[in-house]
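Shown next, in structure tokens, is the structure this report addresses.
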Amino acid sequence: LLVFRENAGLSLPLIFIFPLYSVFSWSPVLPKPLLPPPSLSSPLSVACNDLVASGRDRKPNALIQVAVIDPHEQCLVSHACTEIVEANRDPLFLTGVTFPPEYPASPETLVKLTVYDAKDKSQDSVSKQLLPVSLCLVLQSSFLGSATFSLGDLLRAKDEQLTLNLRSSDGVCAAGTVVVSRLKMGEMEEVDVDHITTDIPAQKVRQGTNSSKCVFHPCFISLSVFKNPVCKVYRFQTVDGKWMLVREQMEECTLSFSIPRQLLSLYIQEDMKRIQELRELGELSPHWDNLRKEVMTRYGGIISSYQDTLAELDKITGPSFKPSCCKAQKSLEFIPVNLHTQRMRVTCPRKADAFYDIVTVGAPAAHFQGFKCGGLQRLLSRYEAEKKSTAYQCIYYSPEHTAKAQEVLSTMSHLHPLIASLADQLLQAAQEHSSPGLKDALKNLSDKTEQFAHTLKDELVKSALLALHAARPGYVSKNQKQGQSVSSNPGSGQNQSPQDSIPHHKEYDEEEWDRVWASVAKSLNCVIAMVDKLQEEDNSKQELNPEQQLADVITSHNPGDWREQLCPLVTRLKECVTEVVERAKRAMTFVLLQEAACSIPQGLLLQQRRDVVFSQALAALSCGFIMRLYAGMEDKGFLRQLHLVGLVAQFESLLSTYSEEIGMLEDMEIGISDLNRVVFRITEAKTDDLSDLQPLVCGRRDHVTVEVPLPRLVFQSLPEEIKEGKPVRVFPVLFNVGINEQQTIAERFGDISLQERINQKNFEILEAYYKSLSEKVPLECLPCFQTQTDLKELLETLGQNVVTKKKKNVEILWLAGTICRRLNGIRFTSCKSAKDRTSMSVTLEQCALLRDEHQLSKDYFIRALDCMRREGCRIENVQKNIRCRKYAFNMLQLMAFPKCYRPPEGTYGKVDS
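Going from the sequence shown to my numbering is simple: count from 1 and add 62.
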């Protein structure tokens, strides 16, 4: 904290440095609360005229320190600093001054502006790293002058603009003037300092979609998920001499913790269910029983570990993100690193406001487990090869067989209770003697029963039943009876393929399963025949004359006979389905037992690593999906795209392909790929309370559903397909280009094939998504941009860059990001900790958007870039993570960076990140 006290007309700085942030609890130190006027929420802009430096022939490097006087303590509390404008007597500062809505102030509140002449920006000391970069320079700068005003004076002034004389240190008003003005709301004037803005992020997007009058404004809904905003405001000049207002807003996301907590609970339930299914296999031979016990013990260890982790997470309160300095902490390994959202909102003269969103997150990776042996992609490949060699003690099933077994188990667990419910509905319709109801109930029952039978029509189920039979105690196969002949030919089984290792025992009645499975279809046919008969009888009665109908009623049974005639057949159908489920469930559980037994302990350890990485990736994806959904809720084209095709989620990675970061990239590749198992379902919230708008996670490891609740009025405005529960797919793609000095080593002496393979594979996924989108959704539904380059042409250019051998080809990232925005997609940017390289990428992308979409003057491009990197949201992100306002770069490292990814002088240094 930098405090200025008045002493004989001089501003003497007193420095008190103490930690403003702890990992899990932090709150800003503010003056004692007063009544906040609404005007304080508007940003202020500042400029100077006729500044006088210490040397008459020298132009000053000006910066302004803004402080607010606390009337209770009678001291100045430092609030903000502008950027440095070099060698200029009339500096116009691009960085605005913002006050959070909760900031305590009143019209009597005094604001002091102190102007300094900054010295060498590279001389910041370590002791000053807790302060903003420009504020550090105050301590090494010469005092030029100061001026004080009250907020009431500003509000009463003409055009809400004040011109104040700067008081020099000797009290003589000869240091120049400072101009302070309020950036106006809802007006558009063509003077330098007046612009449109609003304190609530705009919902008038580039496509021209208007804001809703609904009480459930998207910003209100977002309060349930996004927390602790940090805002920065700038003004930049366009090519035609006009001014644009740019607002950055960075927020934490509560899903950083809530999604992993829910996933851990699902993992625990799934593994406990697996243990119960293994117990229900029944009696097994000693060999198989020992394997079962070992597998159950391993699962028990995983459950215990996950329960401990969940308990630790439940204790955590405070900020809703995991700092980069905690990325290798065991209790936080399921939490994504430094997950934040960032929105840039742009207001230009005579144009609709536009905003651009991005999610920043550390690469999903198992930092606690380390990367000594590589990441998931390498470990899984090695594991599959080793698993085949250990299959002597069990039966080898391929990953496809294992996935099929899990699919069959999941389908049965869904369809079995559904078929029972539909059978009861059929009997109810018969009880009510409702012919239309009977017809509808039968159709639904037939469809689901046929789906059930089709699922089990697989050779894997049959062969697994045979294998399970062979694992029972006392089983002796004919091959064992002919032991002499087998032992006389010891090499007969050496060339068995994995498929041949699945046993087929002649002495077992192989037709038994066919008979049991076929009984379901036979029972269903009997039910269908009976319903047809009942309906024919009902139709024939309606064709009789009244006298005949009366005679039939007298001689026939009552209407309840329909139920009596159907009940035995329906009961038989339910019994057949139950018998098939029990047999198939045991068979598929036995397949999974083989997979687990063959992989102990390595396979289950890999599963834990995969759980960790997927948890981080899912939290980030859910955050991005909800941010994009809230932003596009009134865009009919976007909502149409949502349910017809789904959204592309483009992950930009800046990891190198050298040393530990190879392992991180291998983890990230699998984690992003596993997001293909995720679907989103938009639901109606139970109430309109914010606590009921939290997303819910359900499903299992191989198929996860994230339910996103919306308030009733918002939900009712959605397309029918979404309201009916149609799942929304997401298509994750990953593009990686390393930019640091380690990537230089990899390109010269190492191997970058991993990066090349990832980029080529994901380009094909992106291209396929575009083809599907163009077939199902008119391209007019996509957002409009100033750059008129055709999407197809952009894809072709990206494809060419992907196969081009070029060092640090960052154009791949730029093209992929542009295509993602043009496709209404979700943008993510990652590096090791989403703090340093990510900050360079985000600020570069924002300035490129201002240049390409809002005609940012080329003379202001570098200034804008430096402003955002020196005083913007990203340096605040660094402060939140490591309690130090320095990007973790050194000069040698930056020499290897592409020039546009290098931070401004004085903002980087050696720090613990």
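Ideal Cβ positions, reconstructed from N, Cα and C, are used throughout, including at glycine. Note that the structure is predicted; figures quoted are calculated from it, not measured.
- With a cut-off of 8 angstroms on Cβ pairs, the segment 856-864 is in contact with the segment 872-882, counting three or more such pairs.
- Where Glu746 is concerned, the enclosing beta strand (DSSP E) starts and stops at 740-746.
- Under DSSP, Trp624 takes part in no beta bridge, so it has no partner.
- Here Leu522 is near Val470, since their CB atoms are less than 9 angstroms apart.
- Ranking Glu512, Gly207, Ser168, Val865 by CA distance to the CA of Leu217 puts Ser168 first.
- A contact between stretches requires three or more CB pairs, one per stretch, nearer than 8 angstroms, and the segment 526-533 meets this requirement with the segment 648-661.
- For Gln712, the enclosing beta strand (DSSP E) has its first and last residue at 709-715.
- By a beta-carbon distance limit of 8 angstroms, Glu314 does not contact Cys293. Their separation comes to about 14 angstroms.
- Here Ile662 carries a coil assignment [DSSP, helix/strand/coil].
- In the DSSP assignment, Asp729 falls within the unbroken alpha helix (DSSP H) covering 722-736.
- In the DSSP assignment, Lys897 falls outside any alpha helix (DSSP H), carrying neither H nor E.
- By a beta-carbon distance limit of 8 angstroms, Gly733 does not contact Cys843. Their separation comes to about 30 angstroms.
- Taking 9 angstroms as the cut-off, the Cβ atoms of Val177 and Leu138 do not count as close.
- Looking at the DSSP output, Thr422 bridges to His402, Thr891.
- Between Leu918 and Val301, the C-beta gap is smaller than 9 angstroms, which places the two residues in contact.
- Here Val768 is near Val741, since their CB atoms are less than 9 angstroms apart.
- Under DSSP, Lys869 forms no beta bridge with any residue.
- In the assembly as shown, Gln439 is a buried residue. Its beta-carbon has 16 or more other beta-carbons within 10 Å.
- Fully contained in the segment 119-183 are the following beta strand (DSSP E) runs of length 3 or more, in chain order: 124-132, 137-143, 172-179.
- DSSP places Glu769 in no alpha helix (DSSP H) but in the uninterrupted beta strand (DSSP E) bounded by 765-772.
- In this structure Tyr296 is not in contact with Cys685, their Cβ atoms being roughly 25 angstroms apart against a cut-off of 8 angstroms.
- For Lys384, the secondary structure class from DSSP, reduced to helix, strand or coil, is strand.
- By the beta-carbon neighbour count (other beta carbons within 10 angstroms, threshold 16), Leu635 is buried.
- Burial of Ser892 is indicated by the presence of at least 16 other C-beta atoms within 10 angstroms of its C-beta.
- Between the alpha carbons of Glu574 and Leu668 lies a gap of roughly 38 angstroms.
- Spanning the alpha carbons of Thr371 and Glu938 requires a straight line of approximately 29 angstroms.
- With 16 or more neighbouring CB atoms inside 10 Å of its own CB, Leu326 falls in the buried class.
- Nearest neighbour of Arg899 by Cα position, chosen from Arg360, Leu666, Leu504, Arg936, turns out to be Arg936.
- Rounded to the nearest angstrom, the Cβ distance from Arg947 to Gln941 is 5 angstroms, consistent with a contact under 8 angstroms.
- Between the alpha carbons of Pro381 and Ala414 lies a gap of roughly 34 angstroms.
- A Cβ-Cβ distance of about 40 angstroms is found for the pair Asp520 and Lys434, leaving them out of contact under the 8 angstroms criterion.
- Note on geometry: alpha-carbon atoms of Val240 and Cys110 lie some 4 angstroms from one another.
- Around the C-beta of Leu775, fewer than 16 other C-beta atoms lie within 10 Å, and the residue is accordingly described as exposed.
- Per the Cβ contact rule, the segment 745-761 is not in contact with the segment 693-712 (fewer than 3 Cβ pairs under 8 angstroms).
- Rounded to the nearest angstrom, the gap between the Cα atoms of Leu927 and Ile126 is 19 angstroms.
- Here DSSP, grouped into helix, strand and coil, assigns Pro498 to helix.
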